[in-house]
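Following: one structure in structure tokens, then a few remarks.
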Amino acid sequence: MPAIIDKIAEALHLHKGHKHEETKPADTTSTETSTVDKPKGPVFDFNKVTVLFVLGGPGAGKGTQCANLVKDFDFCHLSAGDLLRAEQNRPGSTYGEMIRTYIKEGQVVPMEVTVKLLEDAMRASLNEKKTGQGWEDGKGRFLVDGFPRKMDQAIKFDEEICQSKMVLFFSTTEEEMTKRLLERGKTSGREDDNEESVRKRFRTYKEQTMPVIEYYNKTGKVAEIDASASIDEVHEKATQVVAKIFSGEVTHNTTT
Ligand SMILES: Nc1ncnc2c1ncn2[C@@H]1O[C@H](COP(=O)(O)OP(=O)(O)OP(=O)(O)O)[C@@H](O)[C@H]1O
Ligand SMILES: O=c1ccn([C@@H]2O[C@H](COP(=O)(O)O)[C@@H](O)[C@H]2O)c(=O)[nH]1
Numbered sequence: 001m002p003a004i005i006d007k008i009a010e011a012l013h014l015h016k017g018h019k020h021e022e023t024k025p026a027d028t029t030s031t032e033t034s035t036v037d038k039p040k041g042p043v044f045d046f047n048k049v050t051v052l053f054v055l056g057g058p059g060a061g062k063g064t065q066c067a068n069l070v071k072d073f074d075f076c077h078l079s080a081g082d083l084l085r086a087e088q089n090r091p092g093s094t095y096g097e098m099i100r101t102y103i104k105e106g107q108v109v110p111m112e113v114t115v116k117l118l119e120d121a122m123r124a125s126l127n128e129k130k131t132g133q134g135w136e137d138g139k140g141r142f143l144v145d146g147f148p149r150k151m152d153q154a155i156k157f158d159e160e161i162c163q164s165k166m167v168l169f170f171s172t173t174e175e176e177m178t179k180r181l182l183e184r185g186k187t188s189g190r191e192d193d194n195e196e197s198v199r200k201r202f203r204t205y206k207e208q209t210m211p212v213i214e215y216y217n218k219t220g221k222v223a224e225i226d227a228s229a230s231i232d233e234v235h236e237k238a239t240q241v242v243a244k245i246f247s248g249e250v251t252h253n254t255t256t
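Now the structure itself:
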């Protein structure tokens, strides 16, 4: 493990038996109770916890559409970028400066940090005992937005946190995404909504995130949604796709 990852893992207590030593919501996790000599499996049970990954290029409209889908389907929306920005700004965080640098450079933060933030947020949400569709009997449903950005994150999350059900892939042209990001940059205050960072984010997207989408495409889990139209039109398409995923009508790759 490279030194920085080691340091991160140590501070996150990842060297000490990982999830099997942590408090878990009793009925959403795998069945093991002992902390030793057990085969590692996902922390959360796929049969109770539904995870839809939400991918697409920078500025494709992932966050916008997630906010709409939350209202339609009672999802818990977890944006990996938002969790990282919150950690960056948390007083006393060991990783604040490191996260700031990675985000400004459009690079993917070492996966241990992001996966841990997501796991903690999922656990907190499940322990909150939300009400609404899909939250009865210890169940839960999550839109994990802007994640996984890189193959190592995809494998780690599916194997150790929760097997994802499908990927919502919002696609549009780089030209349209750039236009949206630079417009957003006028008011967002985000340190990466400027021309230089946007260029770097697109490079990372092509080199590291597109292979993740290709990987899930090969495993038949990608629902591609054309995100070029207006927010309302894309929302309409996304709602139909998610409804079909929940009804079992969509179980393999689709394009809308
Ligand atoms: N269909 C759309 N048409 C026009 N503008 C849009 C559309 N969808 C989103 N936008 C706008 O584009 C900008 C980027 O959208 P959003 O933040 O949802 O993208 P994102 O994919 O989550 O971006 P990032 O990956 O950078 O976080 C926002 O200002 C949003 O209002
Ligand atoms: O899994 C992730 C997700 C995000 N990042 C970093 O955050 C920024 C911003 O992400 P948005 O989804 O656009 O809000 C991204 O460019 C990465 O630097 C990450 O490292 N890992």
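Note that UniProt numbering numbers the sequence shown so that position 225 is 225, with each residue one more than the last. Note that the Cβ used here is the ideal one computed from N, Cα and C, for glycine as well. The structure displayed is predicted, hence computed values, not measured ones.
Here Thr-209 is near Lys-150, since their CB atoms are less than 8 Å apart. The beta carbon of Thr-251 lies closer than 7 Å to none in the same chain, with the five residues before and after it left out. Nearest Cα to Phe-246 within the set Ala-227, Ile-231 and Ala-223: Ala-223.
In this structure, Ala-227 lies near Gly-56, with their beta-carbon atoms less than 8 Å apart. Contact between the stretch 84–91 and the stretch 198–215 is not established, with fewer than three Cβ pairs separated by less than 8 Å.
Rounded to the nearest whole angstrom, the CA to CA distance from Glu-136 to Gly-59 is 34 Å.
Boundaries of the alpha helix (DSSP H) harbouring Ile-103: 96–104, taken from the DSSP string.
The way I'd put it, the stretch 73–83 does touch the stretch 126–133; three or more beta-carbon pairs between them come closer than 8 Å.
Leu-143 and Ala-154 have their C-alpha atoms some 15 Å from each other. The Cβ neighbour count for Ser-164, taken over all protein chains shown within 10 Å, is at least 16; the residue is labelled buried. Bounds of the beta strand (DSSP E) holding Cys-76 are 76–79. The C-alpha of Gly-92 is placed about 23 Å away from the C-alpha of Gly-106. Here the alpha carbons of Thr-255 and Ile-225 stand approximately 6 Å from one another. Close CB contacts of Cys-162 within its chain, under the 6 Å cut and outside five residues either way in sequence, are with Pro-42, Phe-44, Val-49 and Val-51 (chain order). With a cutoff of 8 Å on beta-carbon distance, Ile-213 and Phe-169 are scored as near each other. Met-177 and Asn-217 have their alpha carbons spaced roughly 22 Å apart. Put simply, the backbone Cα of Thr-64 is about 10 Å away from that of Asp-232. Distance check between Lys-71 and each of Gly-134, Pro-110, Lys-40 and Arg-90 places Gly-134 closest, using alpha-carbon atoms only. Around the CB of Pro-148, 16 or more other CB atoms lie within 10 Å, so the residue is classed as buried. Taking a 10 Å sphere around the C-beta of Ser-197, we find 16 or more other C-beta atoms and assign the residue as buried. Ala-67 and Lys-40 have their alpha carbons spaced roughly 33 Å apart. Leu-69 is not bridged by DSSP to any residue.
For Thr-50, the uninterrupted beta strand (DSSP E) segment begins and ends at 49–56. Here Lys-237 has Ile-225 and Thr-256 as same chain residues with Cβ atoms under 6 Å from its own Cβ, once five neighbours each way along the sequence are excluded.
In this structure, ligand 1 has a non-hydrogen atom nearer than 7 Å to the beta-carbon of Leu-181.
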